Amino acid sequence: LGELFLGDILSQCIPGSYYELQYSFKTGARVDAIVKLKDGLVPIDAKFPLENFRKTLVGTEEARGAAKKRFVSDCKRHIDAIASSYILPDEGTLSFALMYIPAENVYYETIIRDEPGEDNRLLGYAFSKRVIPVSPNSFYAYLQTVLLGLRGMETTKEALALVSQIEGLKGDFERFTAEFDTLGRHISNSKAKYDE
Numbered sequence: 005l006g007e008l009f010l011g012d013i014l015s016q017c018i019p020g021s022y023y024e025l026q027y028s029f030k031t032g033a034r035v036d037a038i039v040k041l042k043d044g045l046v047p048i049d050a051k052f053p054l055e056n057f058r059k060t061l062v063g064t065e066e067a068r069g070a071a072k073k074r075f076v077s078d079c080k081r082h083i084d085a086i087a088s089s090y091i092l093p094d095e096g097t098l099s100f101a102l103m104y105i106p107a108e109n110v111y112y113e114t115i116i117r118d119e120p121g122e123d124n125r126l127l128g129y130a131f132s133k134r135v136i137p138v139s140p141n142s143f144y145a146y147l148q149t150v151l152l153g154l155r156g157m158e159t160t161k162e163a164l165a166l167v168s169q170i171e172g173l174k175g176d177f178e179r180f181t182a183e184f185d186t187l188g189r190h191i192s193n194s195k196a197k198y199d200e
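Sequential numbering from 5 applies to the sequence shown in our numbering.
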């Protein structure tokens with residue numbers, strides 16, 4: 005479901021030539037999506053471990069606490085897997101990856117309401133591994149920023165194409181001027197010969 009939502013948001017926000025779903029690395033790892041930027045690829049993983057999260061919402065206080073510890077452990081393993089599998093500068097990625105959390109309530113409970121304590125600080129742990137957790141809303145905002153950058157890149161490409169066309173026009177104009185001057189000399193010579 006997370007992969008489906010991820011693909012849907014990407015298709016709505018940025019042109020298809022700037023992202024790819026199910027991107028395969030030379031290592032054999034396959035990430036859910038990449039966004040192609042000027043400086044490299046941004047890997048995005050959407051496989052978020054939700055099983056133990058669901059258990060944190062029901063049951064006794066003791067069962068919820070145990071489920072929370074397992075959930076935090078699941079998340080840390082998932083963050084480690086993202087960092088080791090998808091942050092691959094040798095293969096053109098940037099030095100960070102995005103961890104897409106497919107539901108706002110899960111993002112809120114996991115990241116925003118992250119409880120202090122050495123074993124529970126998921127956000128700090130993720131940042132230390134250069135993995136950035138994003139919710140659908142924050143991911144949308146990120147993509148809007150990327151879109152502005154892509155528009156800037158397109159404008160730059162168009163400006164370079166325009167400069168190239170102007171250079172071509174300058175060459176054409178110089179050739180026209182030379183031929184026009186030659187024609188003028190021929191007409192002057194013809195007039196002088198006529199007068200003679």
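We put the CB at the ideal spot given by N, CA and C, even for glycine. Since this is a predicted model, take the numbers as computed values, not measurements.
Buried or exposed for residue i, going by 16 or more other Cβ atoms inside 10 Å?
i, result
"L14", "buried"
"Y112", "exposed"
"D94", "exposed"
"S88", "exposed"
"K133", "buried"
"V62", "exposed"
"L143", "Strictly speaking, residue 143 in this sequence is Phe, with Leu absent from that position. When all chains shown are included, F143 counts as buried."
"A4", "Lying outside 5 to 200, the shown extent of the chain, residue 4 is not represented and no answer is given."
"P106", "buried"
Check residue i in the structure and name its three-state DSSP category.
i, result
"K133", "coil"
"R34", "strand"
"I191", "helix"
"G20", "helix"
"D123", "Residue placement at D123 cannot be trusted, given a pLDDT of 49 that sits under 50; what the coordinates show is reported in the next sentence. In this structure, D123 counts as coil in the three-state DSSP scheme."
"P93", "helix"
"P140", "helix"
"G69", "helix"
"K40", "strand"
"S28", "strand"
Of all the options the options, which has the alpha carbon lying nearest to the alpha carbon of residue i?
i, options, result
"F100", "L61, P137, K195", "P137"
"D49", "E183, A33, V110", "A33"
"V150", "G128, D12, F9, I18", "I18"
"K30", "L92, E108, L173", "L92"
"L10", "L127, I115, Y146", "Y146"
Keeping to the same chain, check which residues put their C-beta closer than 6 angstroms to that of residue i; ignore five residues upstream and five downstream.
i, result
"A71", "N56, K59, T60"
"I38", "E24, Y27, L45, P47"
"Y90", "V35, P47, A101"
"G96", "G44, L45"
Under 7 angstroms Cβ to Cβ from residue i, same chain only, skipping five residues before and after it: list those, please.
i, result
"Y129", "K80, I83"
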